[in-house]
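Undergrad: The sequence shown begins at 1373 in the working numbering and counts up by one. One structure, as structure tokens, below. Some questions next.
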Amino acid sequence: MTEFVGKVRLSSDKNYPLMTAILVWCALVVVSSLYITLPMASVFADTFKVTPEIAAWTSSAFSFAYAVGFLLFGPLSDRYGRKQLMLSGLVALLFITPLLGLMTSLSGLIALRVVQGLAAATFGPSALAYVVEMFPLEKRVATVGFVSTGFLMAGIAGQLFSSLVSQNLGWPSVFYILGALYFLSTILLSNFLPKGEARGTEANVLASFKQMVAVLFRKPLFFCYVITGTLLLSFVGMYTTLGNYLTQAPFALTANQILTVRAAGILGMILSPFAGQLVARYGLKPVLQAGLILGAVGLTAVGISSSLPVLVGMSVVFVAGISITVPTLISLIGNLAGEARGAAVTLYTFILFIGATLGPIIALNLQKTGSCVLALGTFALLLAAAFGLSYFVKTQGPNETK
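Here's what the structure looks like:
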């Protein structure tokens, strides 16, 4: 048996398509945990007899812990190894996630979502660093694009999964099934991904934190980080608002119809793997600005349209804008950071998911004090402001734009 496992692992060392598929699958199921509670906020509000604003903390608590976890686990993956950290996180998730379905109080659910968010944070930085270390140069860019697409697809897939399961089997089943998927992911990653090398004591965690603080206040990077904060804030905020918006006149959609509208956003993800090709042809800054404009225009149209087909189409445009902006901004920050690239990208992920933390809170409070249209308009305005800030970003390196 040991010899068989050894042969399987040896063959997988060179099986890059299989390695890529496993990483994309794991990216999809791990990051889906962030989004699964968005469509269930009203269910939690009814079940636990709380306001929607309080129920939204089932999403925000996870996002905050997830963001903080990036700051910790990015440097730790240098010390202990990429695969080891990814595997540890998946093992933690397969035990923690089913427990969420057993919770009888909202406070217990939120507390476990914090723990779940920390465990999920082991995967993102470790997976991207693993690709850089284990894949040959000619396959590296494409693989990062596929893994990043998995992260982005989770934003829609997680919502669809939880909506379908909770409507048909009840909300606890969402966590039970997801726990089973983490078990499958653990088996796949453990047996078919070759182990990289840990740097041990060479990795200085404290030095990494100091480097993050230093890069934050570099002028070009600072503007990039402000732009970063608007991306998932508007994405999560939009989908938090969408469910309530579509139940109102003139749409008055049912739960299944709203599910179809959410699913349409997947079409907008198609551009994400091609972001690298777009950058190679047009440059980092033009692609970044195009993505922000698509996001702002799409979201504005969603908020003002009374036609359902137009709304669905423009939601796809919005998602497409976010989908090309996220990987483009990663590349831009990497170029600007130079030797501090690792710390700069880790800080980027932290700020990105702090935005995801604030999205539901801002969306629900805007709906409470104003309307769904006000919430959607505010998020569109943030993306428009981010577009304006992009003119202050100076690019450098091989992708320099004028």
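For every residue, glycine included, the Cβ atom is placed at its ideal position computed from N, Cα and C. Just so you know, these numbers come straight off a predicted model, no measurement behind them.
Within a Cβ cutoff of 6 Å, which residues of the same chain sit near Phe1764, ignoring the five residues on either side of it in sequence?
TA: Contacts found: Phe1595.
Undergrad: Using a Cβ-Cβ distance under 7 Å, would Thr1558 count as near chain B?
TA: Protein chain content of the structure displayed is limited to a single chain, and chain B is not contained in it.
Undergrad: Suppose you measure from the CA of Val1519 to the CA of Leu1465; what does that come to, to the nearest Å?
TA: Going by the C-alpha atoms only, they are around 19 Å apart.
Undergrad: For Leu1459, which residues in the same chain have their Cβ closer than 8 Å to its Cβ, ignoring the five residues on either side in sequence?
TA: Result list for Leu1459: Thr1558, Leu1561 and Ser1562, in chain order.
Undergrad: Mapping DSSP to helix, strand and coil, what is Leu1565?
TA: Looking at Leu1565 - three-state DSSP - the assignment turns out to be coil, as it is neither helix nor strand.
Undergrad: Phe1623: which of Glu1711, Ser1545 and Cys1744 sits nearest, CA to CA?
TA: Looking at the Cα atoms, Cys1744 is the closest of the given residues.
Undergrad: Might you give, ordered along the chain, the residues of its own chain that have their beta carbon closer than 8 Å to the beta carbon of Ala1712, omitting 5 neighbours on each side?
TA: Closer than 8 Å at the Cβ level, and outside the excluded window around Ala1712, lie Gln1583, Ala1586 and Val1587.
Undergrad: Would you check if there are 3 or more beta carbon pairs closer than 8 Å linking the stretch 1663 to 1671 to the stretch 1705 to 1723?
TA: Touching, no.
Undergrad: Taking 7 Å as the cut-off, decide whether the C-beta atoms of Gly1640 and Val1691 are in contact.
TA: Yes, these two residues count as a Cβ contact at 7 Å.
Undergrad: Tell me whether Ala1350 is buried or exposed, calling it buried when 16 or more other Cβ atoms sit within 10 Å of its Cβ.
TA: Residue 1350 cannot be examined here, being either before or after the span of the chain that is shown, 1373 to 1774.
Undergrad: With a Cβ-Cβ cutoff of 7 Å, do Thr1750 and Leu1761 count as a contact?
TA: No. Outside cutoff.
Undergrad: Could you check what DSSP says for Lys1766 in three-state terms: helix, strand or coil?
TA: Three-state result, Lys1766: coil.
Undergrad: Counting only the same chain and skipping the five closest in sequence on each side, list residues whose C-beta sits under 6 Å from that of Tyr1548.
TA: So the list reads Pro1470 and Gly1473, once near-sequence residues are dropped.
Undergrad: Give the range of the alpha helix (DSSP H) segment to which Phe1623 is assigned.
TA: Per DSSP, Phe1623 belongs to no alpha helix (DSSP H) and is neither H nor E.
Undergrad: In terms of residue numbering, what span does the alpha helix (DSSP H) encompassing Lys1455 cover?
TA: Looking at the DSSP string, the run of the alpha helix (DSSP H) that includes Lys1455 is Arg1454 to Leu1472.
Undergrad: Is it the case that the Cβ atoms of Pro1699 and Ala1652 are separated by a distance below 7 Å?
TA: Contact: no.
Undergrad: Using the C-alpha atoms, what's the distance from Ala1621 back to Ser1677?
TA: Ser1677 and Ala1621: Cα-Cα distance of roughly 12 Å.
Undergrad: Tell me whether Phe1589 sits in a helix, a strand or coil according to DSSP, three-state version.
TA: Residue state, collapsed to three classes: coil.
Undergrad: Can you give me the Cβ contacts of Val1684 inside the same chain, cut-off strictly under 6 Å, excluding the 5 residues immediately before and after it?
TA: For Val1684, where only same-chain residues beyond five positions count, the Cβ hits under 6 Å are Val1633 and Ala1636.
Undergrad: Put Gly1655 into one of helix, strand or coil per three-state DSSP.
TA: Three-state DSSP puts Gly1655 in coil, outside helix and strand.
Undergrad: Determine contact between the stretch 1600 to 1615 and the stretch 1726 to 1734, defined as no fewer than three beta-carbon pairs at a distance below 8 Å.
TA: Yes, they touch.
Undergrad: Considering Ile1696, what are the terminal residues of the alpha helix (DSSP H) in which it resides?
TA: Leu1680 to Ala1709 is the span of the alpha helix (DSSP H), which, as asked, contains Ile1696.
Undergrad: Would you list, in sequence order, the uninterrupted beta strand (DSSP E) runs of no fewer than 3 residues that lie entirely inside the stretch 1392 to 1466?
TA: Here no run is fully enclosed.
Undergrad: Quick one: Cα of Val1504 to Cα of Trp1397, how far?
TA: Each residue's Cα considered, the two are about 18 Å apart.
Undergrad: Go to Ser1479, then tell me how far its alpha helix (DSSP H) extends in each direction, as first and last residue.
TA: Here the alpha helix (DSSP H) through Ser1479 covers Leu1478 to Ala1492.
Undergrad: Excluding sequence positions up to five away, which residues of its chain have a Cβ less than 6 Å from the Cβ of Gly1775?
TA: Lying before the first or after the last residue shown, residue 1775 is absent from the chain, which here runs from 1373 to 1774.
Undergrad: My understanding is that Ala1668 touches Leu1755, with C-beta atoms under 8 Å, so please give their C-beta distance in whole angstroms.
TA: Right, the Cβ-Cβ distance comes to about 4 Å (below 8 Å), so this counts as a contact.
Undergrad: Is the CB-CB distance between Gly1601 and Gly1727 below 7 Å?
TA: Contact: yes.
Undergrad: Considering only their Cβ atoms, is the gap separating Met1412 from Ser1534 smaller than 7 Å?
TA: Yes, the pair counts as a contact, with Cβ atoms nearer than the cut-off.
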